[in-house]
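Chemist:
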Amino acid sequence: MFVTLAFLILFIISYIVDFRQYKNVFLLGLFIISLMSTILIEIIVPALDLNLNINYIIIANIIYCLIVIVVMLLALLNTRKRIANEGKIVTNMIVIGYGSFILINFLIIIFKPDLLVELWNGLILIAISTLFYYLNLIFILHNLYAWIVSGISKRKKQDFIIVLGAGIIGERVTPLLKARLDKAIKLKRKSLDTKMIVSGGQGSDEAISEAEAMRRYLVEQGIRNEEIIMEDKSTNTEENLVFSMKKMDTYKKHAIATIVSNHFHILRAAFLSKKVKMNASVTGGSSKSYFYPNAYIREYLAIIYMFKKTHALIIIILLLAVTSYTLWGI
Numbered sequence: 001m002f003v004t005l006a007f008l009i010l011f012i013i014s015y016i017v018d019f020r021q022y023k024n025v026f027l028l029g030l031f032i033i034s035l036m037s038t039i040l041i042e043i044i045v046p047a048l049d050l051n052l053n054i055n056y057i058i059i060a061n062i063i064y065c066l067i068v069i070v071v072m073l074l075a076l077l078n079t080r081k082r083i084a085n086e087g088k089i090v091t092n093m094i095v096i097g098y099g100s101f102i103l104i105n106f107l108i109i110i111f112k113p114d115l116l117v118e119l120w121n122g123l124i125l126i127a128i129s130t131l132f133y134y135l136n137l138i139f140i141l142h143n144l145y146a147w148i149v150s151g152i153s154k155r156k157k158q159d160f161i162i163v164l165g166a167g168i169i170g171e172r173v174t175p176l177l178k179a180r181l182d183k184a185i186k187l188k189r190k191s192l193d194t195k196m197i198v199s200g201g202q203g204s205d206e207a208i209s210e211a212e213a214m215r216r217y218l219v220e221q222g223i224r225n226e227e228i229i230m231e232d233k234s235t236n237t238e239e240n241l242v243f244s245m246k247k248m249d250t251y252k253k254h255a256i257a258t259i260v261s262n263h264f265h266i267l268r269a270a271f272l273s274k275k276v277k278m279n280a281s282v283t284g285g286s287s288k289s290y291f292y293p294n295a296y297i298r299e300y301l302a303i304i305y306m307f308k309k310t311h312a313l314i315i316i317i318l319l320l321a322v323t324s325y326t327l328w329g330i
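One point on numbering: in the UniProt record's numbering, the residue at position 186 of the sequence shown is 186, and numbering is uninterrupted.
#1: Let me know if L320 comes out buried or exposed under the rule of 16 or more other beta-carbons within 10 Å of its beta-carbon.
#2: Would a C-beta distance cut-off of 9 Å place H142 and E239 closer than the cut-off?
#3: Taking the alpha-carbon positions, what's the Q158 to L192 distance?
#4: How about the region 242-252 and the region 210-222: do they share at least three Cβ pairs that are nearer than 8 Å?
#5: Suppose contacts are defined by Cβ-Cβ distances below 9 Å. Is F160 in contact with S34 by that definition?
#6: Answer yes if the region 21-31 comes into contact with the region 279-289, meaning at least three C-beta pairs across the two stretches below 8 Å, and no otherwise.
#7: Quick one: residues in its chain with C-beta nearer than 8 Å to the C-beta of K188, no 5 flanking neighbours on either side, listed in chain order?
#8: Since F31 is in the beta strand (DSSP E), which residue starts that stretch and which ends it?
#9: Please report how far the alpha carbon of I256 lies from the alpha carbon of I168, in whole angstroms.
#10: Which residue from K275, D18, V276, L241 puts its Cα closest to that of S261?
#11: According to DSSP, is L164 helix, strand or coil?
#12: Whose C-beta lies closer than 7 Å to the C-beta of S234 among residues of the same chain, with five residues either side of it excluded?
#13: Can you list, in chain order, the residues of its chain with a C-beta nearer than 6 Å to that of A146? Leave out the 5 residues immediately preceding and following it.
#14: Could you tell me the alpha carbon to alpha carbon distance between A270 and A280, rounded to whole angstroms?
#15: Who pairs with K157 in a beta bridge, going by DSSP?
#16: On a Cα-Cα basis, can you pick out the residue from Q221, E212, N225 that is closest to E231?
#17: From M278, S273, Y325, pick the residue whose C-alpha is nearest to that of M306; which is it?
#18: Just checking my contact of L27 with F11 at CB under 8 Å: how many whole Å lie between their CB atoms?
#19: What residue range is occupied by the uninterrupted beta strand (DSSP E) comprising E231?
#20: Taking the alpha carbon of I39 as the point to measure from, which residue in L5, Q21, K186 has its own alpha carbon closest?
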């Protein structure tokens, strides 16, 4: 219990210092793992009066089976809805592909355990399994941390509201981008002296820049044109922030910003704002529920790539530890 409390305190302190520190994700993970272990060892095992080693196996298998069933059902429903709304494009198959991989692993365990036993003696399978479970754990932690950030990262005062672009249709904003703009409008109406920066360049298939489409929408919603600053050169999220900072500096040095995106995107936006040294909080607009699974997976992969050196080091240490333990056991 002391260790669990220590991890919780460390996480809270680190979050207060700067919620955009990536180490917070790992501190959150250590707290959750420690908490679950404490509950299992000190509450569940004594209550059920089971052998600890057997109990671990039984509970792990039950939880794993439930996760597989839930993930597959959600994956099927999500993919069906996305295809119905947006068509059979590759990005809409990410979730069903992920769910299928977990299902195949599950079926091997249930119907062909001898194959798993035979392969388990190989270091290659050990490495693959370690990598698979580590990346899944990080995926869960990213989502949990994104919810935390979404709920308690907002500042009451800001000098600028930055709305990140998200593609347009013709000369109109998409529903996804509209959600960001509507969220920004709500913030603006609570802080009338705050200026708005609309950030997004013009793609090769776009008639106008995303910034121009956003500006037009804001004006239609009653925001005065002189309160809107356009940044129309950026092509990705990092450029959105870097170029927006330059716009901010022309008005006020060391300004405070609130970055507005969608919930699934705010975590990467937060980490990038720290990288470019922007003093900012983040908040997210809502999206259609079927959009979230694919979007969260894409954002997860993007964040993994951002911190690839950190993850590579951890994975190497894990592989060395697991391999050494296996060889020692053999």
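Heads up, the beta-carbon is just placed ideally off N, CA and C, and yes, glycines get one too.
Since we're looking at a predicted model, the values are computed, not measured.
Modeler: Inspection of the coordinates gives the following:
#1: Of the other Cβ atoms in all chains shown, fewer than 16 fall within 10 Å of the Cβ of L320; this residue is therefore exposed.
#2: Using a Cβ distance threshold of 9 Å, H142 and E239 do not count as a contacting pair.
#3: Roughly 11 Å separates the two Cα atoms.
#4: Flag = no, the region 242-252 and the region 210-222 do not touch.
#5: No, the Cβ-Cβ distance between F160 and S34 is not below 9 Å.
#6: For the pair of segments examined, the region 279-289 was found not to touch the region 21-31: the number of CB pairs separated by less than 8 Å stays below three.
#7: Excluding sequence neighbours, K188 sits near I161, T194, M196, I223, E227.
#8: Counted as a single uninterrupted DSSP element, the stretch harbouring F31 is not any beta strand (DSSP E) but the alpha helix (DSSP H) occupying residues 23-39.
#9: When the Cα atoms are used, I256 and I168 turn out to be separated by approximately 28 Å.
#10: Checking every option, the nearest Cα to that of S261 belongs to L241.
#11: Of the three classes helix, strand and coil, the one that applies to L164 here is strand, per DSSP.
#12: S199, G200, G201, N240, F243.
#13: Closer than 6 Å at the Cβ level, and outside the excluded window around A146, lie L267.
#14: A270 and A280: Cα-Cα distance of roughly 8 Å.
#15: Per DSSP, none; premise fails for K157.
#16: Nearest option by C-alpha distance: E212.
#17: For M306, the nearest C-alpha among the options comes from S273.
#18: Yes, they are in contact, since the Cβ atoms of L27 and F11 sit about 4 Å apart, within 8 Å.
#19: Unbroken beta strand (DSSP E) run through E231: 228-231.
#20: Taking only the C-alpha atoms, the option nearest I39 is L5.
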